[in-house]
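Take the sequence shown: its letters are residues 10 to 73, numbered as in our numbering.
From the three backbone atoms N, C-alpha and C, an ideal C-beta is built for every residue, glycine too.
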Amino acid sequence: MRLTDAVWRKSSYSGSDGGQCIELAIDDAIVGVRDSKNPGGGILAVGKGPFVSLLNTLKAGVLR
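Laid out in structure tokens, this is it:
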């Protein structure tokens with residue numbers, strides 16, 4: 010997957026004012042993360058497995 014050609018999605022919780030949001034693009038193996046205010050800036054590419062583990066850790070409140 011070329012993340013520059015990917016379909017990027019922003020959380021529905023981010024509102025319409027642009028705010029401080031990230032966007033995600035997901036394929037079978039990689040999750041791309043970028044700043045919604047600067048889509049032409051850098052992209053963080055993370056393996057899907059580690060990204061899912063991070064989300065589960067955040068949901069469990071372990072990092073609070």
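Residue i: CB within 8 angstroms of a non-hydrogen atom of the ligand NAD
{"i": "residue 39", "result": "Absence of the ligand NAD is noted for the structure shown, with no ligands found whatsoever."}
C-beta atoms of residue i and residue j nearer than 9 angstroms
{"i": "residue 39", "j": "residue 54", "result": "yes"}
Counted within 10 angstroms of its Cβ, other Cβ atoms place residue i as buried (16 or more) or exposed
{"i": "residue 51", "result": "exposed"}
{"i": "residue 58", "result": "exposed"}
{"i": "residue 43", "result": "buried"}
{"i": "residue 41", "result": "buried"}
CA nearest to the CA of residue i, picked from the options
{"i": "residue 20", "options": "37, 12, 63 and 45", "result": "45"}
{"i": "residue 49", "options": "64, 32, 60 and 65", "result": "32"}
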